[in-house]
Every structure is written in C-alpha cells, then in structure tokens.
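Protein chains in written order, with the working numbering: chain A, 198 to 593; chain B, 355 to 578; chain C, 9 to 172. Ideal placement from N, C-alpha and C gives every residue a C-beta, glycine not left out.
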Amino acid sequence: MENMNTPGRQPEPDGLRPETLVPEEGVEGFEDVNDFLINIGPHHPGTHGVMRMITRLDGERVVGLDTRIGYMHRSLEKIAENRTYHQVVAFTDRTVDYLAAMHNDWVYCMAAEKLMGVEVPERAEYLRVIVGELNRISSHLLSLGALGLDSGAMTYFLWTLMAREKVVGLFEQLCGARLTYVYMRIGGVMYQPPEGWVERANEVVREVVDELPRYRRLFHDNYIWHLRSKDISTLTPEEARRINAQGPTLRAAGIKWDLRKNLPYSIYDRFEFDIPVGTTGDVYDRTEVRYDEILESARIVRQALADIPPGPVLAHRIARVPSPPPGEAYARMESPRGEIGCYLVSDGSHKPYRMKWRGASFHNVQMLPEMSIGYTLSDLINIVGTIDPVMGDVDR
Amino acid sequence: MRERAEDPREQAEDPTFPVDGAGEVDHPAEQPDEPLKEPPPLSPWLNNGVIVPTQAPVHDSYGPLVIGPGIVVHSVEDVLEWVRSHSLWMLMFGLACCAIEMMHANASKFDLDRFGIMPRGSPRQSDLLIVSGTVTYKVAPMVKRVYEQMAEPRWVIAMGNCATAGSLYFHDGYSVVKGVDQVIPVDVYVSGCPPRPEALIDGIVELRRLIEGKPTDRGREGRS
Amino acid sequence: MTSDRANQQRQARDELCEALGVRLSGQINCALTGPDEVLLVRLELDQYRPAAETLWDRGLDRLDFLTCVDWRDHFTLTLQVYSMDSGAVARLACDLPRDGVPAPTISDLWFLANWEEREAHDMFGLIFEGHPDLRRILLPEAWEGHPLRKDYVDRVGIERPQYF
C-alpha cells in the first residue's frame with residue numbers, strides 16, 4: 198500500500214529495530230511470542246493529535262511499544278530566539294499545550310519576571326490564579342470527554358463540551374479568544390475583567406459543578422467503564438517515582454505531590470484546597486483524579502473571586518522592548534498535564550538567548566511503554582487518553 | 355387504446371388514420387395522441403395523465419424546476435451536487451489547536467451534523483478533509499497520502515492560519531510547511547487562529563455553494 | 009512558613025554543596041543563580057557524571073530538564089534536578105567544546121533523561137556516550153543539520169522585518 202512515487206517521502210534508514218520495541222529483559226510470560234507489528238498513526242481517529250505508535254502485538258496484548266513523535270514540531274525554541282520577550286507569549290500559548298494556554302503563558306511570564314526582577318501586582322496574581330484554574334477546569338473537561346469518545350461514550354463527549362462552552366464563553370468575555378488567549382503579560386495580565394464578569398464567573402463555576410453528578414451517573418459510575426478501566430495500567434508508588442510520573446498520573450498512583458501545594462508559586466498558599474489522590478494508579482483512578490481536580494479548581498476559583506482586590510493588572514515600569522541583565526531563570530508550575538517549566542537564558546540583549554521548554558506531555562508520552570506493555574490494544578487507547586498528551590507540548 | 359385493422363392497406367384507406375409509408379410498422383410514440391373523450395378515474399393531481407408545462411424550461415437557471423404538482427425536473431449533475439453538498443462526510447484530521455475548535459463545531463452548540471457532516475475515521479469513507487492545524491515537513495507526506503486515499507469527489511478545507519499560510523511560523527519555522535496548499539489542492543481557506551466554530555461553518559457553507567455551483571458570497575462562481 | 013522553607017532549602021543546598029565537594033575532591037564552583045536562588049554548579053566534562061551520580065544518591069530523583077545552550081564558541085550542557093522529599097534543586101552546567109566530544113549519558117539514572125538527551129542530540133548534535141537509542145526524535149530522520157545551533161542555516165526561512 199505504499200505509494201513509492203510520493204516525492205518528499207522521508208526515508209527511514211533505521212527501520213524498525215527490534216531492540217527498541219521489546220524491552221531487553223523480555224516480558225514474563227511472553228517469551229515465545231508470534232507477534233506482529235501494528236502501526237497506529239500518525240493519523241488516527243483518536244483526538245490526541247499526531248503521534249505514531251508502533252506496537253508489537255501478540256494477539257491483542259501489547260508486547261512492545263515504540264512511540265515516534267515530532268509530527269507537530271513547530272520550532273518554538275528557535276523562534277523564541279528571534280523575538281522580543283513580549284512577542285514570545287503569542288507562541289507559548291499555541292505552540293505548546295494549547296489546551297492549557299493560560300498555564301503556558303504564565304510559566305513563561307514567571308520565568309521572564311524572575312529574569313527581569315519584576316513585581317506582579319496583587320490583582321494580577323488573583324486574576325492569573327482565576328484564569329489558570331478555569332483553564333484547568335476546561336482542560337480536564339475536554340480530556341474526560343475525549344477519553345469517553347475514545348472509549349465509545351460519545352454522549353459524554355458532547356456533555357463535557359457543552360460545559361466547556363460555558364467556561365470558554367467566560368474567557369471570550371475576558372480576553373476575546375476561545376482557545377489561544379494571549380492574556381498573560383510579563384508583569385501581570387492584559388485586561389481588566391469587564392463589568393459583571395466576576396458574578397458571571399461564579400455562576401458558570403456553579404453550573405459546571407452542578408453538572409458533575411450527571412457525569413458521574415453517566416460515565417464514572419458506569420459498569421462498562423469500570424470493566425474497561427479498573428486494574429488497567431496500574432502503577433505502584435515506587436514505579437511512579439522511578440519513571441518520574443507527574444500530574445494526575447502521579448497522584449493516581451498514591452503520591453500526594455502537587456506543585457501548587459508542595460512547592461507553591463504565585464499566591465497559591467493563600468487558598469484552601471485538597472489534592473485528590475488515587476490508590477492503584479490505574480486508568481479509573483486517573484480519571485477520578487481529574488474529576489476531583491475539577492471540584493478543587495472550582496473551590497479555588499470561588500475563593501479567589503471572593504477575595505480579589507482592586508488595583509492595576511499590569512506592572513508599570515516594563516519597557517516595550519525589555520533587555521534583562523545577563524542571567525538565567527527557571528520557573529515551573531503545575532499544568533493540567535503535569536509539571537511544565539520554562540528555562541530562559543539571557544545575554545543582555547532584547548531577545549532571549551535560549552528558551553528551553555520543559556513540556557509535561559513530552560515526558561508523559563515517554564512513560565507510555567512502561568505503562569502499557571502487557572495490556573491489550575484497546576487498553577492502550579484508553580491509557581493514551583488518560584495520559585492526555587497534547588502534541589503541541591510533546592513536540593513544541 | 356387504438357384499434358388497428360390488421361391489414362395496413364385497409365388502414366391506408368381510412369382518412370382519419372395517418373400512415374407514413376405503407377408496410378412500415380408504426381411506433382406508438384411517433385403517432386400523435388388522440389385526446390380522450392372522457393376523463394378516466396385518475397387522481398385529480400395528474401391532469402388526466404397529460405404533462406403540461408407550466409412555464410418554458412430555462413436551462414440556465416439554478417435549482418430544480420417544478421413543472422407540475424409533484425413533478426420536478428432537474429439535471430442529473432445538479433441533483434448529484436446537491437446530494438453531495440448536503441452530506442459531506444468529514445475525515446477527522448485534527449493536527450493542532452484548530453482541531454479543538456473543529457471538535458467544538460461538531461459538538462452540541464455549533465452542530466455540524468445538521469449540515470449532514472459526520473466525522474469519519476477513515477479516508478476511504480470521507481469526502482471532506484478539513485486540515486486543521488500546522489503541517490510540518492514530517493507530517494506532510496502523511497497528509498498527501500491521506501488525501502490520495504480519499505475517493506473522488508473530494509474537497510479540502512484549510513482551517514486556520516497555519517494550514518492557510520503557515521501562520522506565525524511563517525518566517526522562522528524551519529520545520530513548518532507554509533500552508534497545506536503546498537502539498538494538496540485546497541478548495542476553501544478559513545482563516546483565524548483558531549477560527550471560531552462559526553467561521554468554520556461559514557467555510558463549510560461556502561464550500562457547499564461551490565459544490566452546487568451557485569454564486570458564492572465571495573463573488574466567485576465555479577464547480578469543483 | 010516561607011522562611012522555614014527558605015531555611016530548609018538553604019540547608020539542603022549547603023549539604024549538596026558539601027557532598028559534591030567531597031565527591032569531586034573540592035574542585036567545584038558552587039554559586040546561587042541570581043534571581044532564582046537555585047544551586048548552580050559549574051563543572052568540567054569529566055566531573056559531570058560523578059556529580060550527577062552524587063545528586064542521584066542524595067535523593068534528587070526528579071528531572072526538570074536537560075538541555076544545551078550554544079555560546080557560539082562552546083556549548084553548555086545544563087541539567088536541573090530536584091528532590092521531592094527535601095525540595096532541593098540543583099543545576100549542573102558543564103562546558104563542552106562545540107563538536108565531536110561526547111558527553112556521558114545519565115539516562116540510566118533518571119528515566120526521563122532518555123528522550124531529553126535524544127532531543128539535545130537532535131537539536132544540537134550532541135553525542136551521548138552510552139545512550140541506548142540515540143536517534144532523531146523531533147525532526148524527520150533524514151533532516152540535515154541541527155537547528156538550534158547558532159550557525160544553522162535555515163533553508164526555508166523567509167526574511168523577517170524588524171518591527172521596532
């Protein structure tokens with residue numbers, strides 16, 4: 198089925214080397230396998246973007262997995278070396294994790310603010326927390342819905358997207374965009390919220406939280422979903438630490454680690470919220486962790502909306518083309534997928550000398566073979582769904 | 355039913371019966387119909403089984419022609435294009451951020467199903483390829499291959515600025531193809547970063563008008 | 009709370025500095041990065057792997073990033089790790105000559121370093137000795153050149169006007 202006449206076809210001199218597909222020490226019970234290779238992707242009906250998984254299957258069981266990425270590599274780090282510090286914000290919210298655009302802008306702005314020594318006003322910090330947590334809610338809604346879609350529960354997908362429309366409508370009133378809001382700036386945020394936005398945000402959060410029991414009845418308490426997700430891809434806490442799991446995957450394995458609580462940044466130490474933790478680390482637990490995180494984010498948003506002080510939203514003395522002193526800075530924070538970070542190196546000029554983006558999904562996808570070998574092919578799709586990779590974050 | 359004499363020569367003597375050429379077999383269609391004396395017990399809608407044009411058919415008008423109650427005359431191409439444009443099956447081809455807006459367009463609020471658009475998983479079953487997201491050099495052969503696997507007639511919508519022209523990676527993106535029309539032919543470009551679901555719907559309506567050959571909003575006529 | 013944590017972190021940093029000094033027999037250059045207050049250790053290439061092993065043994069088992077910065081005449085390989093238990097963060101910066109010299113791999117210690125090193129190889133051309141599977145990860149296999157080097161010639165680039 199190969200079209201050999203396609204110009205521009207990239208040759209693969211390495212081919213498929215077996216040693217990259219099957220772990221060296223073998224998988225117990227599968228020593229004498231009659232296995233075959235199945236190529237999933239890069240285009241597949243999953244909603245997670247272009248990722249190529251070359252699976253070695255024995256019947257239905259996955260015996261080896263090689264993940265090939267790079268199909269969405271959009272040269273963020275090279276581009277950032279050619280833009281001013283303010284212009285990079287337009288790239289960080291769409292080139293990397295576009296479902297958590299506020300978080301990406303936020304971590305870049307935090308790193309740049311560390312470099313330049315800029316103080317962010319109070320109101321801006323509160324607004325950052327509010328939009329960050331709203332973005333977390335909308336990202337988790339989409340990831341749960343996409344998981345339902347991949348598993349065959351299409352109604353759940355439509356329901357969560359309906360709830361997501363409400364949250365996204367809030368963002369539209371605030372900054373004009375539905376998905377890629379260039380809302381954060383170095384030194385604060387861009388716009389004051391319009392009239393009545395705070396009340397409307399409270400309403401929306403209440404509406405979303407009121408919808409959640411319906412989701413529970415439809416999907417999370419569904420017997421079929423329990424069969425498909427319990428004891429699939431379990432992770433013990435030791436294994437989770439060994440593979441450096443992060444985000445909901447780590448918390449589902451039983452380790453209570455969230456950067457907002459353990460290494461707090463911004464003003465998260467003023468809010469009261471819990472960290473939902475799972476027990477077995479399986480697919481069901483990861484979904485439950487995301488579900489509970491929606492509730493916790495709603496708590497944070499309500500507290501922040503109640504306490505938001507008046508004042509300016511952007512620090513005053515930042516140049517239009519800032520030139521920070523030579524140095525380097527790293528900022529990390531908890532995005533809906535894990536820990537993201539931005540490492541900025543400045544040489545004193547008006548452009549970043551080097552921007553390294555630590556993406557959460559890059560590392561989540563790296564852990565995929567460890568988490569899915571031994572389970573079936575249909576479980577692999579669910580596992581990818583719970584890892585929730587966003588290919589922009591994987592490839593940058 | 356007409357009663358015929360078995361002997362054609364006897365018919366030739368009858369002046370009420372026009373016969374062209376002796377010995378030739380008459381085809382009933384070449385003979386003018388005799389008006390019937392009394393209305394047969396048929397439906398009143400059928401005008402006694404007689405087709406009477408209500409207006410002279412104009413072949414350069416758009417749309418079907420109703421020439422009688424319950425009777426529509428239309429050209430085959432027009433019917434085909436109408437059917438095709440009203441049931442475009444879309445290939446789920448989400449590359450990047452625009453895919454999220456495409457998903458929103460498929461969902462409940464901006465329903466694409468009311469346009470007859472169903473997302474399909476396989477290129478063999480789809481007519482419409484919505485390229486939503488950035489095309490990189492690594493993924494371009496795959497886009498081309500997927501396009502070639504689609505059966506004709508097929509249409510392509512380039513959704514978003516990245517698929518249109520490369521968007522903000524235009525200058526420095528070394529790995530980005532500046533627009534998907536460098537790889538496959540595109541019918542409709544929808545711009546936006548990402549375009550709102552309403553903008554995508556606007557692009558789809560535009561595509562439907564293109565398929566049907568109607569004048570489009572942008573003033574360009576044509577069939578695909 | 010904050011001063012407690014700051015004290016704790018300072019203590020952890022001092023301990024790390026000491027342990028590194030012991031392991032590398034004193035020849036290290038420990039500093040705090042200015043705005044970040046992260047322990048930054050400047051090393052030579054042959055001290056890189058022993059320092060990484062020391063950090064691993066002290067419990068800094070989570071990888072933040074591993075990257076390279078191209079300072080036109082040499083590279084700097086930067087690794088940042090932190091610990092979940094104590095919150096200590098350490099950044100190792102190791103200077104490399106531009107071409108040809110392989111760096112030791114640390115993918116047997118930190119699981120996530122595997123793909124990070126592949127990316128550094130892809131973007132900069134760094135070779136990691138002992139890496140199980142060093143091939144291009146983000147770019148097509150047949151791509152020529154390593155894009156994040158400062159001397160990379162972008163053949164598809166279009167001249168961009170300076171807007172300010």
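For the stretch 492–507 of chain B, the residues whose beta carbon sits under 7 Å from a beta carbon of chain A are, in order, LYS492, VAL493, ALA494, PRO495, MET496, LYS498, ARG499, VAL500, GLU502.
A/ILE251 has its alpha-carbon roughly 46 Å from the corresponding atom of B/VAL430.
Taking the Cα of C/GLU127 as reference, the smallest distance to any Cα among C/PRO148, C/VAL109, C/VAL97, C/GLU45 is reached at C/PRO148. For A/GLU531, the enclosing beta strand (DSSP E) starts and ends at 524–532.
Using a Cβ-Cβ cut-off of 7 Å, A/ARG291 counts as an interface residue toward chain B, since at least one Cβ of chain B sits closer than that to its own. Look at B/HIS440: its C-beta is not under 7 Å from any C-beta on chain C. Looking at the DSSP output, C/VAL77 sits in a beta bridge with C/THR84.
Taken through DSSP and simplified to helix, strand or coil, C/GLU125 comes out as helix. Note on geometry: alpha-carbon atoms of A/ILE440 and A/THR573 lie some 21 Å from one another. Contact annotation: in the stretch 265–277 of chain A, residues whose CB is within less than 7 Å of a CB in chain C are ILE266, GLY267, HIS270, SER272, GLU274, LYS275.
In this structure, B/TYR528 lies near C/PRO155, with their beta-carbon atoms less than 7 Å apart. Straight through space, the alpha carbons of B/ASP556 and C/MET131 are spaced by roughly 41 Å. Within the stretch 434–456 of chain A, contact with chain C at the beta-carbon level (separation under 9 Å) is assigned to ARG438, ARG439, ILE440, ASN441, GLN443, ILE452, TRP454. DSSP places A/ARG253 in the strand class (E or B) of the three-state scheme.
In the same chain as A/THR377, and ignoring 5 residues on each side of it, the C-beta atoms closer than 7 Å to its own belong to ASP290, ARG291, TYR295, ALA298, in chain order. Listed in chain order, the positions of the stretch 73–94 of chain C with a beta carbon within less than 7 Å of a beta carbon of chain A are PHE73, THR75, VAL77, GLN88, MET92.
For the stretch 523–551 of chain B, residues whose beta-carbon sits nearer than 7 Å to a beta-carbon of chain C comprise PHE524, HIS525, ASP526, TYR528, SER529. Straight-line measurement puts the Cα of B/ALA453 at about 14 Å from the Cα of B/SER545. Below the 8 Å Cβ cutoff, chain B contributes ALA450, CYS451, ILE454 as neighbours of A/TYR295, in chain order.
Note on geometry: alpha-carbon atoms of A/PRO390 and A/PRO507 lie some 11 Å from one another.
Those residues of the stretch 232–243 of chain A placed with their C-beta closer than 7 Å to a C-beta in chain B are PRO239, HIS240, PRO242, ordered along the chain. Residue state for C/LEU48 is assigned as strand, using DSSP reduced to three classes. Scanning the stretch 246–295 of chain A for uninterrupted alpha helix (DSSP H) segments of 4 residues or longer gives 273–277, 286–289, listed from N- to C-terminal end. When Cβ-Cβ separations below 7 Å define contact, A/GLU396 makes no contact with chain B. Under the three-state reduction of DSSP output, A/GLY384 falls in the coil class, being neither helix nor strand. In this structure A/VAL285 is buried. Its beta-carbon is surrounded by 16 or more other beta-carbon atoms within 10 angstroms. Listed in chain order, the positions of the stretch 131–150 of chain C with a beta carbon within less than 7 Å of a beta carbon of chain B are LEU147, PRO148.
Considered as a whole, the stretch 359–447 of chain A harbours 394–412, 420–426, 434–439 as its complete alpha helix (DSSP H) runs of no fewer than 4 residues, in chain order.
By the neighbour-count definition (other C-beta atoms within 10 Å, threshold 16), A/ASN332 is a buried residue. Interface annotation for the stretch 527–546 of chain A against chain C: TYR527, ARG529, GLY538, TYR540, VAL542, criterion Cβ-Cβ distance under 7 Å. In its chain, beyond the 5 residues on either side, PRO521, GLY524, ALA526, LEU541, SER543 have a beta carbon closer than 7 Å to the beta carbon of A/LEU312. Rounded to the nearest angstrom, the gap between the Cα atoms of B/HIS440 and B/ASN515 is 26 Å. Our two residues, A/TRP394 and A/LEU371, have alpha carbons roughly 8 Å apart in a direct line. In this structure, the alpha-carbon of A/ARG425 lies about 31 Å from that of C/ARG70. Listed as beta-bridge partners of A/CYS539 by DSSP are A/ALA528, A/TRP554.
Counting of Cβ neighbours within 10 angstroms places A/MET351 among the exposed residues, the total staying below 16.
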